[in-house]
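As structure tokens, the structure follows; a few thoughts come after it.
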Amino acid sequence: MNNVDCIFCKIITKDIPSKILYEDDDTISFLDAFPVAKGHTLVIPKEHHAKIQDLPSDVNQKLFGTVHKMTKKVDSLEGSTLIAIHNGKESGQEVPHVHVHLIPRSKNDSAGPVHSMFKDKIELTESEIDSLYDTLKIN
19 MNNVDCIFCK IITKDIPSKI LYEDDDTISF LDAFPVAKGH TLVIPKEHHA KIQDLPSDVN
79 QKLFGTVHKM TKKVDSLEGS TLIAIHNGKE SGQEVPHVHV HLIPRSKNDS AGPVHSMFKD
139 KIELTESEID SLYDTLKIN
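Counted the way our numbering counts, the sequence shown spans residues 19 to 157.
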């Protein structure tokens with residue numbers, strides 16, 4: 019099930035050329051067309067789903083099996099790999115098709131830890147923490 023307007027679905031069907039690094043029946047991995055580091059790689063499921071929680075369990079397992087395989091390769095470039103998923107537009111997802119970024123990291127790159135992405139740090143009261151805990155806890 020593909021989306022005809024999705025750039026990643028067009029890569030899957032080979033309507034748009036890409037540097038494919040790995041492909042199986044369920045997933046595909048390729049070099050990012052707009053890399054932030056040498057070796058920046060994407061891993062996607064071949065089924066079109068916008069968010070992680072939309073993936074059927076078996077597709078999720080296959081996706082992360084490929085992430086595991088590709089991380090070994092990407093990690094060989096610099097010895098460390100940032101694994102990132104933007105899950106929804108507000109989180110920074112630019113293409114609404116689940117994709118995992120594998121970005122080689124080195125101590126001399128310009129990026130920092132995930133906390134450095136947020137300029138304004140929040141402070142929560144104990145009551146707010148308890149409320150979040152109650153909302154997010156899986157029973």
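A virtual CB, placed ideally from N, CA and C, is assigned to each residue, including glycine.
Where residue i sits in the DSSP three-state scheme
{"i": "Thr-45", "result": "strand"}
{"i": "Ile-140", "result": "coil"}
{"i": "Asn-118", "result": "One point to set straight first is that residue 118 is Val, not Asn, in the sequence displayed. Val-118 falls in the strand class under three-state DSSP."}
{"i": "Thr-89", "result": "helix"}
{"i": "Leu-73", "result": "coil"}
{"i": "Ile-103", "result": "coil"}
{"i": "Thr-31", "result": "coil"}
{"i": "Ile-25", "result": "helix"}
Nearest candidate by alpha-carbon position, reference residue i, set the options
{"i": "Val-162", "options": "Thr-31, Met-88, Ile-46", "result": "Examination of residue 162 is not possible in this model, given that the chain is present from 19 through 157 alone."}
{"i": "Glu-41", "options": "Ser-128, Val-85, His-119", "result": "Val-85"}
{"i": "Arg-123", "options": "Gly-57, Gln-79, Gln-111", "result": "Gly-57"}
{"i": "Ile-62", "options": "His-115, Lys-37, Asn-21", "result": "His-115"}
Supposed close pair residue i, residue j - CB separation, criterion 8 Å
{"i": "Leu-73", "j": "Ile-101", "result": "Not a contact, Cβ separation roughly 16 Å."}
{"i": "His-117", "j": "Leu-60", "result": "5 Å"}
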